[in-house]
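So for the sequence shown, my numbering puts the first residue at 137; every next one is plus one. We put the CB at the ideal spot given by N, CA and C, even for glycine. Working notes for the structure below.
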Amino acid sequence: MILKQVGTYDCVPEEDLLHRIDRLRHLMAAAGIDFALMIQNVDRFYFTGTMQKGMVVVPVDGEPLIFIEKGTERAAMETPLPFTVVRNDREIHRILSDRHILKGKVGLELDVLPVAIFERLKRVIGFDGYANVSETIKEVRAIKSPFELAQIRKSGEMLTHVFTRAKDEVREGRTELEIEAALMAESRKMGHQGFLRMRGMNQEMMTMTVQAGITGAVTTFLDAPITGAGVTPAVPQGSSFKVVETGVPVTIDYGGGYNGYITDETRTYVVGDLKEVFRKPYETARAIIEDVMTFARPG
């Protein structure tokens, strides 16, 4: 397989995919949804093992139908499940109609589905009623299998390696961008997938943000506590040209990404001794973390 020759490619096991689909069906039945129709990339990948362009339809009491419009040869290498090659939505409508799947209520990813695409699906595919299936999908995804836990551990190994190297890269006179570039090179050499995803409208995320002192106080639109100043108002977040100073804290927020699974960690570094003005907030944050650790537990 050519993909394994050029990358790691831990394909999703068939038993995982079938278990996810069965779990989705069970929750759909409880919610009164007759079939789910998914077009969002991550949802399709989660239930099929491939992100090639297409659509996934899961009837509450029938076999799933995977439609691939583009990237069919690659899809065959990525998913163990059978799929149907289609050219457009009209072909999908015909197949679903022939199998009497379009009757009843359809579950759609209404939290991420644009109105224009919704209207097109309603016009071309056709359905009687609809409901939001997004929360149901998230409920399925919340429980991780042994395969998924292994992917998370591999993602976490990237965190360990990158933060171990960070102490050698954080030096006086270096810019945030220079530190990020050096550490991201290490990350990519380990097989980091390259970028991270956030579910939602206008939600964008940097893989790494380095903040040297004052840039840690810069706010922006992003629904995240650590954003950075960035280098342009067109992308108002991330590392900047700010230079590292002795005694001033440098925070590094980094997300490991392997096979779609994310681990995230933020650590603080300092060149020399931390200046007194920063000691109280640092000790306060540390005390909060230690307090949480006394009552935090699995579940």
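- Ranked by Cα distance from V367, the options T356, P434, F254 are led by T356.
- Between G349 and E381 the beta-carbon gap is near 6 Å, inside 8 Å, which marks them as a contact.
- Residue pairing for V386: DSSP places it in a beta bridge opposite A348, Y405.
- I261 carries a coil assignment under DSSP once its states are collapsed to helix, strand and coil.
- In the displayed model, V371 falls within a strand according to three-state DSSP.
- For K241, the uninterrupted beta strand (DSSP E) segment begins and ends at 241 to 244.
- With fewer than 16 other Cβ atoms inside 10 Å of its own Cβ, R223 counts as exposed.
- Assigned with DSSP and collapsed to three states, F181 falls in helix.
- Within 10 angstroms of the beta-carbon of R259 lie fewer than 16 other beta-carbons, which makes it exposed.
- With a cut-off of 8 Å on Cβ pairs, the region 147 to 156 is in contact with the region 272 to 284, counting three or more such pairs.
- By the CB criterion at 8 Å, S375 and T404 fall outside the cutoff.
- Pairing E340 with E412, the inter-Cα distance amounts to about 35 Å.
- Beta-bridge pairing by DSSP links A267 to G243.
- One thing to note: I237 has its Cβ no nearer than 8 Å to the Cβ of T220.
- Here the C-alpha atom of P200 lies approximately 44 Å from the C-alpha atom of A318.
- Residue pairing by DSSP places Y394 opposite Y397 in a beta bridge.
- Assignment of T343 by DSSP, reduced to helix, strand and coil, places it in the coil class.
- R335 sits close to V248, with the two beta carbons spaced by under 8 Å.
- DSSP, reduced to helix, strand and coil, places M320 within a helical segment of the structure shown.
- Here DSSP, grouped into helix, strand and coil, assigns M174 to strand.
- The region 386 to 402 makes contact with the region 286 to 302, as at least three CB pairs between them are under 8 Å.
- Shown here for L295: same chain residues with a beta carbon closer than 7 Å to its own, the five before and five after excluded, namely Y390, G392, T399, E401 in chain order.
- In terms of Cβ geometry, V142 and I169 do not form a close pair [threshold 8 Å].
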